[in-house]
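Residue numbers (our numbering): 1 to 204.
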């Protein structure tokens, strides 16, 4: 892959990652609710799941066939939907926290990232990447570069959202902790909507 191709792909991936989609919303809301560590764990989950999908694509796995038949992918989506519902219930019931100390790391934040990643079209890379490159013509070196590029762009963009949300958290809640209640309700509603979207896409 040439430098110009990598540059074009980087710009396109940055624009896609920066768009206010489910991944950005999950990163920001979890950071506002639980702190920067939680937001970065969400980012790690999103990046990990996206890389799994990309590696499956590069390995020649027919995700389209897998998506249209009962199987592992359907099971993963059902589990992801249940994770989102459970997280939504937890967010709805979360009490107001008067101290805004950094929260502890929890595997639930990482799982939230994985789950929300599945709410995006699983075949995204099959539709997006061929616009720039021929996946069948990639060498092993090209594939490693592509994996590094995508994981790097996603980490930097979503990580920046997490950092901004962490700064915003103090401004929002330091003097008005009751605002957390509204955030919890909004976050729960978003999670329920994402779960319903995922269930609908799985059924259809």
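From the three backbone atoms N, C-alpha and C, an ideal C-beta is built for every residue, glycine too.
Bear in mind the structure is a predicted one, so any value in this text is a computation, not a measurement.
With a 10 Å radius around the Cβ and a threshold of 16 neighbouring Cβ atoms, residue 170 comes out exposed. Classified as exposed, residue 189 has fewer than 16 neighbouring CB atoms from the shown chains inside 10 Å of its CB.
Inclusion of residue 84 and residue 165 in the CB contact set at 7 Å is not warranted, their separation being larger than that value. Under the DSSP assignment, residue 94 falls outside any alpha helix (DSSP H); it carries neither an H nor an E label.
Take residue 29, set aside five residues on each side of it, and the residues of its chain with a beta-carbon closer than 6 Å to its own are 187, in chain order.
Annotation: the segment 20-48 contains no complete segment of the beta strand (DSSP E) (minimum length 3 residues).
Scanning 112, 149 and 139 for the CA closest to the CA of residue 46 turns up 112. For residue 106, no alpha helix (DSSP H) run applies, since DSSP gives it neither H nor E.
The C-alpha of residue 149 lies about 24 Å from the C-alpha of residue 109. Between residue 157 and residue 19, the CB-CB gap reaches or exceeds 7 Å. Counted as a single uninterrupted DSSP element, the alpha helix (DSSP H) harbouring residue 170 occupies residues 140-173. Bounds of the alpha helix (DSSP H) holding residue 12 are 3-18. Sorting 117, 37 and 91 by C-alpha distance to the C-alpha of residue 197 places 117 at the top. Around the beta carbon of residue 106, a 10 Å sphere encloses fewer than 16 other beta carbons of the protein chains shown; the residue is thus reported as exposed. Taking a contact as a CB-CB distance under 8 Å, the pair residue 155 and residue 52 does not count as one, their CB atoms being some 15 Å apart.
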